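In my numbering, the protein residues as written are 5 to 164.
Note that CB positions come from ideal geometry on N, CA and C, so glycine has one too.
What you are looking at is a predicted structure, and each value in this text was computed from that prediction instead of being measured.
Right, here's the structure in full:
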């Protein structure tokens with residue numbers, strides 16, 4: 005099974021993250037976002053008037069996955085508005101741009117960035133799907149706890 009260090013490294017090093025939300029009529033919506041993984045949560049930004057921004061304001065539950073279908077990491081959790089000067093600085097370094105040029109503005113309510121606090125993280129390697137798959141549950145403090153195999157893998161092995 006994969007380790008948390010493997011998952012953490014891929015989350016930190018990814019350039020693009022695919023964010024899935026649900027529209028008010030139940031249709032799914034997926035879009036790539038830039039983001040920063042701080043070891044406990046994924047920070048990203050979007051306009052509050054964008055489809056994903058409106059979806060998250062109405063229903064903060066979301067799924068994020070990395071671009072690779074061969075080295076899979078999937079986060080599930082809730083999104084909340086937040087702000088962190090440290091994350092803004094990390095964002096500017098990661099995307100090689102001036103922080104003032106990023107489309108992130110501190111809001112009067114303390115928001116301006118969005119923070120996905122995952123509840124579960126699933127990961128596997130496509131070439132080693134069954135032996136590598138793992139699911140982590142994250143405690144409130146962000147500490148990962150291995151929680152066995154992802155549900156899809158458990159269902160496949162139960163049928164065998």
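query, result
"Integer-rounded CB distance, given that residue 34 should sit under 8 Å from residue 23", "7 Å"
"Secondary structure of residue 39, DSSP reduced to three states", "strand"
"Segment contact, 8 Å Cβ cut-off, at least three pairs: the region 115-125 with the region 76-91", "yes"
"Residue ranges of each alpha helix (DSSP H) within the region 78-143, 4 or longer", "89-98, 133-136"
"For residue 30, the nearest candidate out of 44, 8, 7, 60 (CA to CA)", "60"
"Chain-order list of residues whose beta-carbon lies under 6 Å from that of residue 67 (same chain, five-residue window excluded)", "24, 80"
"Local conformation of residue 46 per DSSP, three classes", "strand"
"C-alpha gap between residue 138 and residue 129, whole angstroms", "10 Å"
"DSSP-derived helix/strand/coil call for residue 19", "coil"
"Proximity to residue 32 [Cα-Cα], best of 97, 19, 55", "55"
"C-alpha distance - residue 63 paired with residue 94, whole-angstrom precision", "27 Å"
"Beta carbon of residue 74 nearer than 8 Å to that of residue 146", "no"
"Whether residue 92 touches residue 18 by CB criterion (8 Å)", "no"
"Cβ-Cβ distance between residue 57 and residue 48 below 8 Å", "no"
"Assigned exposure category for residue 119 - 16 Cβ within 10 Å defines buried", "buried"
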